[in-house]
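Data block below; observations after.
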Amino acid sequence: MARTDESKAEVVRLTVRPQFLFVRGGLSERRKGLVIQARLRGDDRLHIGEGFTATKKTGNAVKRNRARRRLKAAARELLPRLGVPGADYVFIARMDTAGIDWQRLLDDMESALISLAASLRQGSGTA
RNA sequence: CCAGACGGCCGGGCAGCCGCUGGUGGCAGGCUUGCCUGUCGCUGGAGGAAAGUCCGGGCUCCAUGGAAACAGGGCGGCGGGUAACGCCCGCCCGGCGAGAGCCGAGGGAAAGUGCCACAGAGAGCAGACCGCCAGCCGCUUGCGGCUGGUAAGGGUGAAAGGGUGGGGUAAGAGCCCACCGCGGGGGCGGUAACGUCCCUGGCAUGGUAAACCCCGCCCGGAGCAAGACCGAGUAGGGGGCGCGCAUGGGCCGUUUCCAGCCUGCGCCCCGGGUGUGUCGCGUGAGGGCUCCCGCGAGGGAGCUCCCAGAGGAAUGGUUGCCGAUCCCAGCAAUGGGGGAACAGAACCCGGCUUACAGGCCGUCUGGUCAU
1 MARTDESKAE
11 VVRLTVRPQF
21 LFVRGGLSER
31 RKGLVIQARL
41 RGDDRLHIGE
51 GFTATKKTGN
61 AVKRNRARRR
71 LKAAARELLP
81 RLGVPGADYV
91 FIARMDTAGI
101 DWQRLLDDME
111 SALISLAASL
121 RQGSGTA
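Residues in the first sequence are numbered from 1 upward in steps of one, following our numbering.
Put into structure tokens, the structure is as follows:
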């Protein structure tokens, strides 16, 4: 499959609570190492939004920090290549995120992003 | 060397690649001339507990200042340290330990009130169940009954109205005596808590004050979502109702007094920013080294360093090597496995408390061996 736009889209961090709530109303993909939510913003701009969350269930503050940092590091590698321009993504840490094998985490994120991209391009992401 | 006590310190290391954030420098660009953007360097970047948010402060805002009383809260051997403390140091007293040491909310219970279950005859103006003793009566002698004395013994209890020993006595009892304890007075040592000695009294004073309480000392409230700045803007404006036009009313726990200030007061409704940015926000009761004073907590002087400042929240992700206890095998040398505890700054300090794999250093105690 030949990628038409080789220029990677700019990635912007989601910062306020309403942005997270908006994405929660969109699509969701669950893997062993993480959960990804995604939703097309519906505006004209082409940047990709990214946000990271770890709930109290993930563990204490150290475990939550580690899980969120691993998600950020993985997203930095994968999201510019696999993310859909104009969509916002929220990466949610699970119990295994901090301890899972690094390559497995990358594989989980890649497969989730690919299937989300397929759904988004079909137009069901705007909801 | 083994066992133990106390104090202090550390709490994974190195390298490669790719990132984040603060500071700083070069270059380029922009313009409102001191900032912004891009890029390339250099450099700082979690803890001993960053935690719990339990105390004490700084700082900020609110409150007109002072005094007294009351209310509420806290503290409590003595002396010292400190900005301060409920913290720390030294000492005293009591308890525990063979010892090094450890533990103690450690003022007042003969001001008052409350409480002290069960058991027990009796539990706070004490108390005769058994026993002991005396007298009288009955009777088969040691037995039984009645009356009285007695707190030495038994029994109950967490605790039985000073303890031990002797005298004394019908049996006993601070009834008397010695020592201890307790109360009062005095001498000496100590800044003091207290210690010690002498005289004296009489055995009257159970425990509980993290029960009320009494005594002494201390204490305004809220917190960085404090608070400040920019934007037209945080303060005022308009309306209604009630009371009032003064010897009134208000000024932050309450009341009173003194001084001062303000001027209608109270309630309700309407309209007027709704959301970021910047500051606060890292030079501080600051760290390191040396010297001096002090038993110590700590204090002083000199030199030197700048040492995290995020904001859905940076301080990392990943790979390789080395790796402590630990687990398995083995008498051992050793081989294999495994791969670091508790835990993440959010205005900042001083403490306390709690969590924590493992390691290092020093001082001391007891034991063992050698000399």
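All C-beta atoms, glycine included, are put in the ideal place defined by N, C-alpha and C.
Being a predicted model, the structure only gives us computed values, none of them experimental.
{"Item": "Given 8 Å, three or more beta-carbon pairs between the segment 55-66 and the segment 27-41", "Value": "no"}
{"Item": "CB contact flag (glycine 86, leucine 116, <8 Å)", "Value": "no"}
{"Item": "Stretch pair the segment 11-18 + the segment 46-58: three plus CB contacts closer than 8 Å", "Value": "yes"}
{"Item": "Limits of the unbroken alpha helix (DSSP H) element including aspartate 88", "Value": "No alpha helix (DSSP H) holds aspartate 88; the beta strand (DSSP E) holding it covers 87-93."}
{"Item": "Among Arg30, Ala54, Leu78, nearest to leucine 106 - alpha-carbon criterion", "Value": "Leu78"}
{"Item": "Classification of arginine 30 by the beta-carbon crowding that lies within 10 angstroms, buried from 16 upward", "Value": "exposed"}
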